[in-house]
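Notes for the one structure printed next.
Residue numbers (my numbering), protein chains in the order written: chain X, 5 to 158; chain E, 3 to 465.
Rendered as structure tokens:
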């Protein structure tokens, strides 16, 4: 077994090149993986208030888009864009979401839709935090509030 | 009942003694070991690539990006090496036959510091990286990681167990612990590895949202666990139940040496090569929980098996008090110290003290015209156990036996005496068996005398 090291080295190079080659072909476009629902999500979804569907908002006045300030929240940073029709919040989106690691990314991706539906239901930034994602919820609410402040809405 | 050599009493009475038909021990195939090395290398390369493949430039240059990247790299490679460590002691027969149990153990020991240091580095890097990303203190981040991230707490417990085992395995500490204590604590490594498994899939950048890598990783670990269960627990259990070995007789060979003669069923179906050993677990109230490696001191002669042991440790001394009828669980046969290892035409067999046991069964496995040279060394004449049997086996094979009795100085095997005893050393493989110091001396001597490493085979008895 004198040449043992050579077998290991040859294998290592082959395995290394193989995986990088496969990865280069497979994962060219998408960067952020689509999150899957986990037990954490279902726990959060069962909280009162978070599962309500957004009601239709009465439409008066022009439609405006405003982006709130970039919030640092410990696991990463996010900012929220609010679409307002008259005084009603009609849509919320998250143009910026950066996290330190994939787990927080996945968690945020699960939580953001819940937070969105809460905002649309409450028509304000005063929302319940999602359990297990307290910092994310607060950053989300704060960014929305800053956007609403720019619009001089409540 | 006597354990007969080939020229037993029957042959001396003039009758032709028929050799019992024994199954050939499977021949070691070095190609299996090479394939194993290649696969291990591929896994290592793939694991390293996995850590690098998902890393983007912007992630790396983000705050904490570099530390986080190093954290996942060290974590992945460290875990992979831990997997290799488990495989090395899982006793896969095809690999064991080539490298031998002690060869595998040597690799296991040599590799051991790497996974532990890499996994400690992993924990440190990840904490620093996440702290930098979150712009918080390192100690605050430790708390966040342990309480807020899934499965990190139990993985940290696992790492703690690994560190404890790493520390007690340091030579200075290990030599002060009883072997059994160390062994029992060491078994907790399986628990540590199991505890750390979940956080890899839940948090690892290469696994979150990548079902394919999750599946491959899980299958690799499940397969390793399967091999361990099969070969470390399943196979010994099956063999022990099948052969139902029990102690028949304990015979004193020398003041502190006993032979334990066991009987078993279907031993004609047990393939053993001369020079191999078993782990023996004697089911008495005080000994059932420990298994010790002892060579067979003769090839199986169904329905008999014999081991010969010198009472040096607690366990080997207790063997002298075994009662007939004691049940025995066997694990083996193991070892690459067999005739299959031979590279040259003839063989020189060297043993000191109780090392003669493995030599005795190896000798029995050599063909009739093999003309082996046997050198036995002992401090006192009464320590030359089994000497009659060895002499008879050597004579039957037209070989030569040298008995060296005396202190190391009086009866030394050195650069001058060995070539004189064995003039045709250039045409012989050397098989050495005995205490660790003796084996090291002879291996070095062989190297000095120009015997290539492939032609030197050894089996050391560590106490």
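Where a beta carbon is used, it is the ideal one built from N, C-alpha and C, also for glycine. Please read all numbers here as calculations on a predicted model, not as lab measurements.
Endpoints, alpha helix (DSSP H) assigned at residue i
{"i": "residue 435 of chain E", "result": "Segment 430–437 is the beta strand (DSSP E) holding residue 435 of chain E; no alpha helix (DSSP H) there."}
{"i": "residue 394 of chain E", "result": "389–398"}
{"i": "residue 63 of chain E", "result": "59–63"}
{"i": "residue 41 of chain E", "result": "32–55"}
{"i": "residue 141 of chain E", "result": "140–150"}
{"i": "residue 341 of chain E", "result": "Premise fails: residue 341 of chain E is in no alpha helix (DSSP H) and is neither H nor E."}
{"i": "residue 134 of chain X", "result": "No alpha helix (DSSP H) contains residue 134 of chain X, which DSSP labels as neither H nor E."}
{"i": "residue 361 of chain E", "result": "358–367"}
{"i": "residue 274 of chain E", "result": "It is not in any alpha helix (DSSP H) - residue 274 of chain E carries neither H nor E in the DSSP assignment."}
{"i": "residue 156 of chain E", "result": "154–170"}
Limits of the beta strand (DSSP E) - the one that residue i falls within
{"i": "residue 92 of chain E", "result": "That residue, residue 92 of chain E, is in no beta strand (DSSP E); it is neither H nor E in DSSP."}
{"i": "residue 458 of chain E", "result": "458–463"}
{"i": "residue 235 of chain E", "result": "Looking at the DSSP string, residue 235 of chain E is not in any beta strand (DSSP E), and its letter there is neither H nor E."}
{"i": "residue 332 of chain E", "result": "329–336"}
{"i": "residue 26 of chain E", "result": "Segment: none, residue 26 of chain E is in no beta strand (DSSP E) and carries neither H nor E."}
{"i": "residue 297 of chain E", "result": "294–297"}
{"i": "residue 199 of chain E", "result": "Looking at the DSSP string, residue 199 of chain E is not in any beta strand (DSSP E); the run it does join, the alpha helix (DSSP H), is 181–205."}
{"i": "residue 254 of chain E", "result": "247–256"}
{"i": "residue 261 of chain E", "result": "259–265"}
Residue i CB to nearest heavy atom of the ligand HEM below 7 Å
{"i": "residue 122 of chain E", "result": "This structure simply doesn't include the ligand HEM, nor any ligand for that matter."}
Cβ neighbours of residue i in the same chain (closer than 7 Å, five flanking residues each side left out)
{"i": "residue 346 of chain E", "result": "429, 430, 431 and 457"}
{"i": "residue 248 of chain E", "result": "264, 265, 327, 328, 329 and 330"}
{"i": "residue 49 of chain E", "result": "78, 79 and 82"}
{"i": "residue 30 of chain E", "result": "99, 100, 338 and 342"}
{"i": "residue 35 of chain E", "result": "97, 100 and 101"}
{"i": "residue 53 of chain E", "result": "74, 75, 78 and 208"}
{"i": "residue 108 of chain E", "result": "none"}
{"i": "residue 193 of chain E", "result": "163"}
{"i": "residue 73 of chain X", "result": "83, 147 and 150"}
{"i": "residue 21 of chain X", "result": "none"}
{"i": "residue 246 of chain E", "result": "266 and 267"}
{"i": "residue 32 of chain E", "result": "100"}
{"i": "residue 449 of chain E", "result": "none"}
{"i": "residue 271 of chain E", "result": "25"}
Selected residue, minimal CA-CA separation from residue i, among the options
{"i": "residue 139 of chain X", "options": "X:119, X:7, X:29 and X:9", "result": "X:119"}
{"i": "residue 279 of chain E", "options": "E:166, E:245, E:361 and E:133", "result": "E:361"}
{"i": "residue 141 of chain X", "options": "X:79, X:23 and X:9", "result": "X:79"}
{"i": "residue 400 of chain E", "options": "E:382, E:416, E:380 and E:372", "result": "E:372"}
{"i": "residue 344 of chain E", "options": "E:275, E:463 and E:312", "result": "E:275"}
{"i": "residue 127 of chain X", "options": "X:115, X:145 and X:111", "result": "X:145"}
{"i": "residue 451 of chain E", "options": "E:427, E:168, E:441 and E:459", "result": "E:427"}
{"i": "residue 393 of chain E", "options": "E:383, E:404 and E:384", "result": "E:404"}
{"i": "residue 420 of chain E", "options": "E:86, E:277 and E:447", "result": "E:447"}
{"i": "residue 369 of chain E", "options": "E:377, E:353, E:382 and E:397", "result": "E:397"}
{"i": "residue 128 of chain E", "options": "E:71, E:177 and E:159", "result": "E:71"}
{"i": "residue 60 of chain E", "options": "X:76, X:9, X:25 and X:105", "result": "X:105"}
CB-CB length for residue i against residue j, believed under 8 Å
{"i": "residue 307 of chain E", "j": "residue 298 of chain E", "result": "7 Å"}
{"i": "residue 234 of chain E", "j": "residue 93 of chain E", "result": "6 Å"}
{"i": "residue 65 of chain X", "j": "residue 90 of chain X", "result": "3 Å"}
{"i": "residue 281 of chain E", "j": "residue 356 of chain E", "result": "Going by Cβ atoms, the distance from residue 281 of chain E to residue 356 of chain E rounds to 17 Å, so no, they are not a contact pair."}
{"i": "residue 350 of chain E", "j": "residue 445 of chain E", "result": "That pair is no contact at about 13 Å."}
{"i": "residue 134 of chain E", "j": "residue 69 of chain E", "result": "6 Å"}
{"i": "residue 81 of chain X", "j": "residue 68 of chain X", "result": "At roughly 24 Å, the Cβ-Cβ gap does not stay under 8 Å, so residue 81 of chain X and residue 68 of chain X are not in contact."}
{"i": "residue 332 of chain E", "j": "residue 238 of chain E", "result": "7 Å"}
{"i": "residue 221 of chain E", "j": "residue 197 of chain E", "result": "With a Cβ gap of about 20 Å, residue 221 of chain E and residue 197 of chain E do not count as contacting."}
Neighbourhood of residue i by C-beta distance below 8 Å, restricted to the same chain and skipping five residues each side
{"i": "residue 154 of chain E", "result": "147, 148, 201 and 205"}
{"i": "residue 58 of chain E", "result": "none"}
{"i": "residue 62 of chain X", "result": "A caution first: residue 62 of chain X carries a pLDDT of 45, below 50, which makes its placement in the model unreliable, though a value can still be read off. The answer, listed in chain order, is 90 and 92."}
{"i": "residue 324 of chain E", "result": "249, 252, 262, 284 and 286"}
{"i": "residue 384 of chain E", "result": "256 and 257"}
Contacts around residue i, its chain only, beta-carbon distance under 6 Å, and the 5 residues preceding and following it disregarded
{"i": "residue 60 of chain X", "result": "Confidence in residue 60 of chain X is poor, its pLDDT being 42 and thus under 50, which makes the residue's placement too unreliable to answer from."}
{"i": "residue 70 of chain X", "result": "86, 151, 154 and 155"}
{"i": "residue 359 of chain E", "result": "297, 299 and 310"}
{"i": "residue 285 of chain E", "result": "329"}
{"i": "residue 461 of chain E", "result": "339, 360 and 435"}
{"i": "residue 402 of chain E", "result": "375"}
{"i": "residue 118 of chain E", "result": "164 and 168"}
{"i": "residue 57 of chain X", "result": "Note that residue 57 of chain X has pLDDT 37, beneath the 50 cutoff, so the model's placement of it is unreliable and no number is given."}
{"i": "residue 109 of chain X", "result": "103"}
Below-8 Å beta-carbon distance, residue i vs any chain C residue
{"i": "residue 312 of chain E", "result": "The structure shown has no chain C; the protein chains it does contain are X and E."}
I'd like the ranges of any beta strand (DSSP E) spanning at least 3 consecutive residues and lying wholly in the segment 81–106 of chain X. Whole beta strand (DSSP E) segments, 3+ residues: 92–103.
What alpha helix (DSSP H) runs, 4 residues minimum, are completely inside the segment 93–127 of chain E? Taken in chain order, the complete alpha helix (DSSP H) segments of 4 residues or longer contained in the segment 93–127 of chain E are 95–113.
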